[in-house]
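Data block below; observations after.
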Amino acid sequence: MSKNRTWELVAKKLSGEASEQELGELENLLRANPEMHYPMQTVADLWHHTTPDTEDAHTAFATHAARMKDLGMDIEPEPDFSLTDSSGKRRKKYFLSLAFIAVAAISYYSYSLFSVAPVKPLAKLLPDKSEVSTKYGSRTYLRLPDGTQVWLNSGSKISYDKTYGLNLREVALSGEAYFDVIKNAAHPFVIHTSSINIKVLGTAFNVKSFPGEKNTETSLIRGSIEVTFKNKPSKKIILKPNEKLITANDEPAKENADSTAARTTAPAIITKHVTETSKKEPLALVSHLTYEPHDNIVIETSWMENKLIFRSETFEELAVKMERWYGVTIRFADEAIKPKRLNGIFENENIQQALKALQLITPFTYSIDNNEVVISSRRG
Amino acid sequence: MIAAAKVKYLQEQIARNDDTFAYKELFVSFYNPLLRFAITLVKSKEQAEEVVSDVFINIWEKRKRINSISNLKVYLFIAVKNTSLNYISRQNKTLTDDVEQAGIEFKSIYFDPEQLMVTAEMVARIKDAIEQLPPKCKLIFKLIKEEELKYKDVAEILGLSIKTVESQIAIALKKIGTSIDFDMSKAIAAPAGVPK
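Chain order of the listed sequences is A and B. Going left to right, the first sequence walks through residues 0 to 379 as numbering that gives the first Met the number 0 numbers them. Going left to right, the second sequence walks through residues 0 to 195 as numbering that gives the first Met the number 0 numbers them.
See the structure below:
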C-alpha cells in the first residue's frame, strides 16, 4: 500500500505537481523504505531525458503555409516586427528589418553621398518613445524592434525611444524583466536601471530592480554581460552564466523634474547626482543562481512560468511579492508574524487559496476587504 | 515547453492584429508535440501532419475569437484529438469518439539508454515494462513526461478525472520501478526467488 502511495508521490514530484507537504511525505516514505531508493532514482533519471524533436517545424510550417495558400489564405509572414507605443496600441506593420539592412548597406557603401539622410525616414516611422508597463497582478511578453524578447513581470515598466538600434539598443527598466537578446555585436544592448547599466552582446538574463527595494538583482542564464555602476563608472563586473549579481540600490532618491528633461534623445534615464556616501554595505556581490531542488527550475526566473517561488523569506518580504503578484495591498495588523520565514510555491492559487495555504505553515488570521488584505497573528 | 505568458501574448497578437509572425511562432512551438500526439492516434505520419495542419488552419479561420480560449495549449491538444478521431471515424466508417476506442500506438517512450547508469539487460527490462503498459496508461505517461502537461490538462484533454490521471501515472512508474527493483534484488541475493 505504501508502495503505491510512494509511486504516486514520485510521479507528482517528477511532474512538478507535488505540494510541500507531499514532498515531505515522500521523503519519510523513502526513509522508511530505503530499498526503493535505487529504482526511484533510475525512474527519475529516465524521466528527465527530454524527447528530441524529430521534425523541423520551420519546414513543416512552409508546407502548411503552402497548403493554406491553396485554400486562399495567404499567411506567409512578412519580415516585420511588433511594437507597442505608449498608448498601448500596436502601430502598423513596418518593414524594419528590410529597411534596416538597406540603410546599413547604403551607409556602408556610399556614406559620403548620403551622409545621415537615409536614417531619417526610418526614424519618422517610429513613435518618439515606446513604453510598456504592467499593473500589479499581470505579466506580459513583448518583442523589441530587433526581435529581442522581453518578459515583463508585474508592476514593471520598460521603455525605449526611436533611436533604439540606430547605434546602441538602449532600454530603461524599472521593475523585473527577463531578456533574451538577439546577438548583434555592432549594436550592443544596454539596459539602464536606477543604479546600474548592463551591457550585452547576445544573451539571456533576468533583471530585478524595483523602486524602493534595497537591491538590484541581475541573473545570467547564458552568454555574458558587463555591468557598470551609475555612481562608479570606473567599476565593471563581468558575469558568467549561472551567476547572479546583487547590487545595493541608491537611497530611494526622488527623481528631479530637471533630470528627466536633461536628455531627450536617450531613453528616460534618470541621471542621479552622486554623492559618495559612507555606505558600509558592499557595493556588489556575486553569487549563484538558486535551483528549485526537485525540478531544476531556476528560482530567479520562475515568474515567467507563472510560478511565485519563495525560499526562506520573511512573511514581510513575501507580502511585498504577493502584492505585486496578486495586485492587492497587504497590511500587517501587528509585528509578531512579520519575521516568520516561509517556503513555498504559488502557481494557480488565487489570493484566498494562497493565504489559506500559508495558514497551514504558520498560524495567522486574515481579512480581505476589496483589495486590501490585513494579516494578524492569531491570539491565544 | 513554451512559457504560458508567451502563448498568451501570441494568442493576443493573432486575434487582434492578424499577426502572421505570431501565428508562425505558435505553429513552430507546438508542431512537434502535437504531431507526436496525432501519430499515436492516427498511426500514420502523413495523416498526422494533415491533422496538425487542419487544426492550425482552423485557428487562423477563427482567429478573431481565439482570445476567449483560456488555455490555448490544452485547446490545441483537444483539437488534435478531435480531428484525429474524426479522421478515424471516416476511415473505419464507424463513429469513434474515444481515444481508447481508437487504439493507441507508440513507437516507444523516449529515453536514452546511454545516459542511464544501468546494464543492457536492465535497459531491455525497462523498455519491456514500458511496452507492456496498458495503452491509456502509456498515453497519460507520455503526455505528462514528454509534453510536460499538467495532470489537470491531461485530464481535460482525454476527458478523464484528475484522480484517474494521478493513479494511471503512478501505475506506470510503479511498473517501470518494479522492473528495476526485481533486477536489483536478484543481483544482491542471487538465489532468492522472485520477490513480489
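Note that the Cβ used here is the ideal one computed from N, Cα and C, for glycine as well. Keep in mind it's a predicted model, so treat the numbers as computed, not measured.
In this structure, A:Glu316 is the residue among A:Glu242, A:Glu316, A:Asn369, A:Asp145 with its C-alpha nearest to the C-alpha of A:Lys337. Remark: C-beta atoms of A:Ile197 and A:Ala176 do not approach each other more closely than 8 Å. Taken atom to atom, the span from the alpha-carbon of A:Glu242 to that of B:Ile87 is near 52 Å. Within the stretch 176–219 of chain A, complete alpha helix (DSSP H) segments of at least 4 residues are not found at all.
Chain A has no Cβ within less than 8 Å of the Cβ of B:Asn57.
About 11 Å separates the CB atoms of A:Phe188 and A:Val149; that is not less than 8 Å, and the two are not in contact. Among the CB atoms of chain A, none fall inside 8 Å of the CB of B:Thr118.
Contact annotation for B:Val27 against chain A: Ala56, His57, Ala59, Phe60 [CB-CB distance below 9 Å, chain order]. When the five nearest sequence neighbours on each side are left out, the beta carbons in the same chain lying within less than 7 Å of the beta carbon of B:Phe26 are those of Phe55, in order along the chain. The C-alpha of A:Gln352 lies about 21 Å from the C-alpha of A:Met303. Residue contact check for B:Tyr30 against chain A: a CB pair falls below 8 Å.
Among the CB atoms of chain A, none fall inside 8 Å of the CB of B:Tyr86.
Nearest to A:Ile220 by C-alpha distance, out of A:Arg330, A:Ile360, A:Val297, is A:Val297. Neighbours of A:Val149 across chain B, judged by C-beta separation under 8 Å, do not exist; the nearest C-beta is about 10 Å away.
With contacts defined as CB atoms closer than 8 Å, A:Val372 and A:Ile344 fail to qualify as a contacting pair. Residues of the stretch 60–73 of chain B whose Cβ lies closer than 7 Å to any Cβ of chain A: none.
When A:Lys182, A:Ser18, A:Thr5 are compared, the shortest CA-CA separation from A:Asn347 is found for A:Ser18. A:Gln351: member of the alpha helix (DSSP H) spanning 350–360, first to last residue. DSSP assignment within the stretch 24–63 of chain B yields the following whole alpha helix (DSSP H) runs of 4 residues or more, N-terminal first: 44–60. In the DSSP assignment, the residues bridged to A:Gln148 are A:Arg142, A:Asp179. Those residues of the stretch 184–201 of chain A placed with their C-beta closer than 8 Å to a C-beta in chain B do not exist. The stretch 167–181 of chain B and the stretch 5–14 of chain A touch, with no fewer than 3 CB-CB distances between them shorter than 8 Å. Using beta-carbon distances, B:Lys42 does not count as an interface residue toward chain A, since no partner is under 8 Å.
Nearest in C-alpha terms to A:Asn214, of all of A:Asp69, A:Ser173, A:Asn183, is A:Ser173. DSSP places A:Pro38 in the uninterrupted alpha helix (DSSP H) bounded by 36–46. Under DSSP, A:Gly174 takes part in a beta bridge, and its partners are A:Ser208.
Per DSSP, the beta-bridge partners of A:Arg340 are A:Thr313. Burial check for A:Tyr290: the Cβ neighbour count within 10 Å stays below 16, so the residue is exposed. For B:Tyr8, the uninterrupted alpha helix (DSSP H) segment begins and ends at 3–16. Burial check for B:Asn91: the Cβ neighbour count within 10 Å stays below 16, so the residue is exposed. If you look at A:Asp368, you'll find it isn't in any alpha helix (DSSP H); it sits in the beta strand (DSSP E) that goes 364–368. The closest CA to that of A:Asp368, considering only A:Asp333, A:Val327, A:Leu244, is found on A:Val327. Residues of the same chain with a CB within less than 6 Å of the CB of A:Thr147, apart from the 5 flanking positions on each side, are Val180, Ile181 in chain order. The residue among A:Ser153, A:Ser132, A:Glu212, A:Ser129 with its C-alpha nearest the C-alpha of A:Arg138 is A:Ser153.
In the structure shown, A:Glu299 adopts helical secondary structure according to DSSP, grouped into three states.
A straight-line Cα-Cα distance of about 25 Å links B:Ser52 and B:Lys135.
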